[in-house]
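This report refers to the structure that appears directly beneath it.
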Amino acid sequence: MLKKFDKKDEESGGGSNPFQHLEKSAVLQEARVFNETPINPRKCAHILTKILYLINQGEHLGTTEATEAFFAMTKLFQSNDPTLRRMCYLTIKEMSCIAEDVIIVTSSLTKDMTGKEDNYRGPAVRALCQITDSTMLQAIERYMKQAIVDKVPSVSSSALVSSLHLLKCSFDVVKRWVNEAQEAASNDNIMVQYHALGLLYHVRKNDRLAVSKMISKFTRHGLKSPFAYCMMIRVAGKQLEEEDGSRDSPLFDFIESCLRNKHEMVVYEAASAIVNLPGCSAKELAPAVSVLQLFCSSPKAALRYAAVRTLNKVAMKHPSAVTACNLDLENLVTDSNRSIATLAITTLLKTGSESSIDRLMKQISSFMSEISDEFKVVVVQAISALCQKYPRKHAVLMNFLFTMLREEGGFEYKRAIVDCIISIIEENAESKETGLSHLCEFIEDCEFTVLATRILHLLGQEGPKTNNPSKYIRFIYNRVVLEHEEVRAGAVSALAKFGAQNEEMLPSILVLLKRCVMDDDNEVRDRATFYLNVLEQKQKALNAGYILNGLTVSIPGLERALQQYTLEPSEKPFDLKSVPLATTPTAEQRTETAPIAAVKQPEKVAATRQEIFQEQLAAVPEFQGLGPLFKSSPEPVALTESETEYVVRCTKHTFTQHMVFQFDCTNTLNDQTLENVTVQMEPTEAYEVLCCVPARSLPYNQPGTCYTLVALPRDEPTAVACTFSCMMKFTVKDCDPTTGETDEEGYEDEYVLEDLEVTVADHIQKVMKVNFEAAWDEVGDEFEKEETFTLSTIKTLEEAVGNIVKFLGMHPCERSDRVPENKNTHALLLAGVFRGGHDILVRSRLLLLDTVTMQVTARSTEELPVDVILASVG
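Under full-length UniProt numbering, think of the first position of the sequence shown as 1, with each following residue one higher.
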């Protein structure tokens, strides 16, 4: 009699798994029983089960021991016990890639495959195909063809699925079995028809016309198998996607007709296919949405879940198409299945009107405590999207989020809420003080260091700009008194930012920082000492450079440059301009924990893309003395089509007075080798081509690199925008495609490439200025210039902002790239560094009347960057 284990027994491991303490050596020792006569089927089947368990648990069987066990197991074919025989088939399949000489069981499997015992034939086919390689396949081809059209469905299905696996290694052989597969496709058994269609599709999938014919043939005569219908829908959907689907196509008509199928599985598959087709309009989605709406009231939980999940996906792109289902979705909010309820509420949040938000919030609050954190995060993300859609409702949504923030929950859940509140604060100036107050209360008992430091950073950034900044100081200083070192360090930085921007509060801030100088942690002490000394100078430029905006250089790059400077002593002072700039906001700017993490866990930082390029270029003798690499273009520019005989892509590298163009070339002709490959460049402006560094050899399909060095304009330094015409020159030597032998003699040839543009953005590196006003004051007005332009071809402020940011290649600060709705004026704030390490700031005021008028004010530490900006815009 079997003992029944309850759930507690399972959790404690009380006998729930009889194989959990198996040892490989003991099991292989037991396998010697296979050699005994007479064979004990029950005992042998149990040992085979143990072997299979070990293999599936990832236990490594050596080739020798696996082969010995395999050979012993082959003797079990003498027994006619059906259970033992089927265990043998399973073991053969599992050991086929471990043991040697598994091919010896071919005759036994062939005998079972063609025998009279139907229960053996299907598994024997699968095992035989697992051990048969492409060289042996023709020997069993006749048997496989017979098995595909066998009257027994299990045998036919086994042969078809095995053929599908064999396609990977023996496509040409399996392709000859198409006639048999066609016959099987008309079988009455639903699985046989499904597997046969699967095989036919995979044989023909690279021939679009053949696939289209297959779909039209089978859809015209109708299919018996709902699985086959589902597969045909997927194939038709894929074809439509590749053809950039005309909705007049018979393929689309077929998918739409499946919405009226008698099988729910097929109806859902068709609806899902229509929803996922790119470029569908709301009208084309309507029939699919209607079907999904019906499923919402299905008694089957799986169908309700599938429907609401798919409607949720539709709501992301076409919320108006789902609005008709809102009543059905509201009914699902109280569904006993919380997964369905969560998806229903998030879909409603995407499709609901502004007037329904209050009601939805009440419905959500009733079940938030009953769902998992994973689903809570989904709800929060939906609320975040709703905040952007209806900014006037931020007060209601913020209160709801704050209620959620006070409840129990894990890190991901709390982080999602904090992210959402921060995004509301950044989007709506009116909500700033309310949001900051909520976050201040949250950090009073926040257990997550990352969130506490992030909120402190936000308080330091936004708090000084509020009407009453002093009310936040208590919350920040409490962290210095009550928290551990990471949070204390973040609090010190936040305090310093208040002192740097508010003269009235400065004396109080200095008192608080003096207390922090006595902290137990050296990171906190160092920060407090540093900020104290800077603030005591009472200079705006120092505050801006060292407290409000910080370093714009790459921290790992700075570390490497300082290390190199200490290894090679020099009388020259260390030049910060030689350090590569940070391509994204630095860790210091994102969160205050990063410097501490760096102190606590010193690790080797991976080299950035720019540092890799700098190392490569420094190794080229012709480029000695160019100085530090200022910028590399983010993406290579394609100078040829991808299908042409030569593929060339260019990466632009900018130095202080020079540019290096790196051409990555690939020769796609297998009967040629190219030698001494260079790219000759002709500029339209005053650039001067200095030299070309050739790629010595370009064999077939092996990438090579050549370079062209260009000096920047000296006589007309503001003429930085230029178009280069490019010509690839090389020596061609014919070669034998099979042996690779190359002729000694060659001939000169050339290949015209696309023109290459250099723009003002290639001379400017983006940098993040957290506090633009402070950076503006720090640069000063010595080299300030202002001009007004009319953008005659641009009709909207959004388009103007997008074009300016892209054209200048500068970083938009303080979210100024976001244009408020229904406004005809806007201020765009841009920051960057011009080659040579000169800060460049641009304040652009835009006015929309009939066209966009733009007033550009540029400031820099040198005159040239300002002139370049104004000349390029003009």
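Built from N, CA and C at the ideal position, the CB exists for glycine as well. Note that this is a predicted model, so its numbers are computed, not measured.
- Query: Using the C-alpha atoms, what's the distance from Gly122 back to Leu90?
  - Reply: 12 angstroms
- Give the range of the beta strand (DSSP E) segment to which Cys446 is assigned. Segment: none, Cys446 is in no beta strand (DSSP E) and carries neither H nor E.
- Message: Out of Arg835, Val833, Gly837 and Leu846, which one is the CA nearest neighbour of Arg818?
- Response: Each of Arg835, Val833, Gly837 and Leu846 was checked against the Cα of Arg818, and the nearest Cα belongs to Leu846.
- Item | Alpha-carbon spacing of Ser158 relative to Thr106, whole angstroms | Rounded to whole angstroms, Ser158 and Thr106 show a C-alpha spacing of 17 angstroms.
- For Gly198, which residues does DSSP report across the bridge? In the DSSP output, where bridge partners are listed per residue, Gly198 has none listed.
- Specify, as a first and last residue, the run of the alpha helix (DSSP H) that Arg121 falls within. Asp118 to Ile131
- Label Lys205 either buried or exposed according to how many other C-beta atoms from any shown protein chain fall within 10 Å of its C-beta, with 16 as the threshold for buried. exposed
- Are the beta-carbon atoms belonging to Val779 and Met659 less than 8 angstroms from one another? Cβ distance not < 8 angstroms, so Val779 and Met659 don't count as in contact.
- Item | Bridge-paired residues (DSSP) for Gln614 | Paired residue(s): none; Gln614 is not in a bridge.
- Buried or exposed by the 16-neighbour rule on C-beta atoms within 10 Å, applied to Asn522: exposed
- Task: Name, in chain order, the residues that DSSP records as bridge partners for Pro636.
- Result: None, per the DSSP bridge assignment.
- Query: Does the count of Cβ pairs from the segment 460-478 and the segment 491-499 closer than 8 angstroms reach three?
  - Reply: yes
- Message: Rounding to the nearest angstrom, what Cα-Cα distance links Ser431 and Cys691 in this structure?
- Response: 59 angstroms
- Message: Please classify Ile612 as buried or exposed, where buried requires at least 16 neighbouring CB atoms within 10 angstroms.
- Response: Result: exposed.
- Item | Coarse secondary structure for Ala858, derived from DSSP in three states | strand
- Beta-bridge partners of Val152, as assigned by DSSP: According to DSSP, Val152 bridges with nothing at all.
- Item | Cutoff 7 angstroms; reference Leu581; Cβ partners in own chain excluding five residues on either side | Thr552, Val553, Ser554, Gln765, Val767 and Val833
- Any idea which residues DSSP pairs residue 906 with across the strands? With the chain covering 1 to 874 only, the question about residue 906 has no answer from this structure.
- When burial is assigned at 16 or more other CB atoms within 10 Å of the CB, is Gly58 buried or exposed? Gly58 comes out exposed.
- Item | Other residues of its chain near Val322: CB distance less than 6 angstroms, five sequence neighbours each side excluded | Contacts found: Leu311, Val314, Ala315 and Thr351.
- Task: Could you tell me how far apart the beta carbons of Val174 and Val155 are, in whole angstroms, since I believe they sit closer than 8 angstroms?
- Result: With a Cβ gap of about 17 angstroms, Val174 and Val155 do not count as contacting.
- Item | Beta-carbon contacts of Pro636 that lie in its chain and below 7 angstroms, excluding the five residues immediately before and after | If the five residues before and after Pro636 are omitted, its C-beta is found closer than 7 angstroms to the C-beta atoms of Arg649, Cys650, Thr651 and Asp664, all from its own chain and listed in chain order.
- When you compare only the Cα positions, how much space is there between Gln601 and Val203? A caution first: Gln601 carries a pLDDT of 42, below 50, which makes its placement in the model unreliable, though a value can still be read off. Cα to Cα, the separation comes out at about 54 angstroms.
- Message: Taking the alpha helix (DSSP H) that Ala532 belongs to, which residues open and close that run?
- Response: One detail in the question is off: residue 532 reads as Leu in this sequence, not Ala. That run of the alpha helix (DSSP H) goes Asn522 to Gln537.
- Nearest-angstrom beta carbon gap, Glu622 and Val689 [assumed within contact, 8 angstroms]: Wrong, their Cβ atoms sit about 12 angstroms apart, outside the cutoff.
- Task: Drop a sphere of 10 angstroms on the beta-carbon of Ile840, count the other beta-carbons inside from all chains shown, and report buried for 16 or more, exposed for fewer.
- Result: Under a 10 Å Cβ-count criterion, Ile840 is classified as buried, with 16 or more other Cβ atoms of the shown protein chains found around its own Cβ.
- Query: If you draw a straight line from the alpha carbon of Val873 to that of Cys516, how long is it in whole angstroms?
  - Reply: 49 angstroms
- Cβ neighbours of Gln672 in the same chain (closer than 8 angstroms, five flanking residues each side left out): Tyr700, Val732, Lys733, Asp734 and Cys735
- Item | Range covered by the beta strand (DSSP E) that runs through Asn80 | From DSSP, Asn80 is part of no beta strand (DSSP E); its letter is neither H nor E.
- Query: The beta strand (DSSP E) spanning Leu674 covers which residue range?
  - Reply: Gln672 to Pro683
- Taking the alpha carbon of Phe70 as the point to measure from, which residue in Asp81, Thr83 and Ile51 has its own alpha carbon closest? Ile51
- Query: Can we say the segment 542-551 touches the segment 771-778, given the rule of at least three CB pairs closer than 8 angstroms?
  - Reply: yes
- Query: To which residues of the same chain is Ile455 closer than 6 angstroms at the C-beta, ignoring the five residues directly before and after it?
  - Reply: Leu439 and Ile443
- Message: Could you give the first and the last residue of the continuous beta strand (DSSP E) run that contains Thr825?
- Response: Thr825 to Phe834
- Message: Residues in the same chain with beta-carbon distance under 6 angstroms from Thr74, minus the five sequence neighbours each way, listed in chain order, please.
- Response: Val105
- If we count Cβ pairs, one from each stretch, closer than 8 angstroms, do we get three or more for the segment 247-266 versus the segment 223-236? yes
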